[in-house]
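Reviewing the structure listed below.
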Amino acid sequence: QRGDLVGLYMDRSIDVVVSILGILKTGAAYVPLDPVYPDERVTFMIRDAKIGHIVTRSGRAEELDLGGSVQVVDLDRDAASIRECSSGNLGSGADSHDPAYVIYTSGSTGQPKGVIVSHANVTRLFGSTENWFAFDDTDTWTLFHSYAFDFSVWEIWGALLYGGRLVVVPQQLSRSPADFLELLEREKVTVLNQTPSAFQQLIAADADTESRHTFALR
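Structure below.
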């Protein structure tokens, strides 16, 4: 319900995006818990944020030491009961100042710290950059980064807020610049977001290929 923090613990997929939307529609905020993180870090975030619910897929919850205080919503195990729920809007009463998500710092300078980000923070980000990029419903974006990395918010909501298309890049494919090049061309991606180091690898992979790629990137 409104104001709750709900953990999201599953591999990067379309289910991540759907689950985020579902959590936000209840008025709650999501806390991304990427399975690639060490179990100790994930367990710490669950306890530190006082998470009462976790959305996951079969087999994943067993990896964590949850104790008895966390209720698990398993998208596979609970599929039948989920389908029986109403598809109508929930009328959560949430407003722009309510939390949308909690992102944790890397912890490189000590213990990871949770940062609460509101709905208004997210919409302000896009409102303040709208004149720079003129995003619209013809754009195709990639979700290249971990959904526990703050930049994923730009990738996911950039596509959804403007009515564009979002291509979820599997974890394994994101580690192969050559395969990612093929995806960019095949899916006609127009908006690409990468760290400098990842983009340098992409440039090198493009230079190494014999065939010339035709990109839609703008």
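Under our numbering, the first residue of the sequence shown carries the number 61, and numbering increases by one thereafter. Where a beta carbon is used, it is the ideal one built from N, C-alpha and C, also for glycine. Since we're looking at a predicted model, the values are computed, not measured.
Asked                                                                                                          : Found
Under the three-state DSSP convention, the category Val78 falls into                                           : helix
Stretch-stretch touch, CB-based, cutoff 8 angstroms, three pairs: the segment 245-252 with the segment 119-131 : no
Cutoff 7 angstroms; reference His273; Cβ partners in own chain excluding five residues on either side          : Leu241, Glu245 and Asp266
Per DSSP, cross-strand counterpart(s) of Arg225                                                                : Thr200
Under the three-state DSSP convention, the category Gly67 falls into                                           : strand
Unbroken stretches of the beta strand (DSSP E), 3 residues or longer, contained in the segment 164-191         : 174-178
Whole-angstrom distance between Val228 and Arg278, CA atom to CA atom                                          : 19 angstroms
The segment 167-175 touching the segment 144-158, judged by at least three CB pairs closer than 8 angstroms    : no
Rounded C-alpha distance that separates Asp199 from Val132                                                     : 35 angstroms
Cβ contact check for the segment 91-102 and the segment 138-147: 3 or more pairs under 8 angstroms             : no
Tyr207 versus Arg72: straight-line alpha-carbon distance, rounded                                              : 7 angstroms
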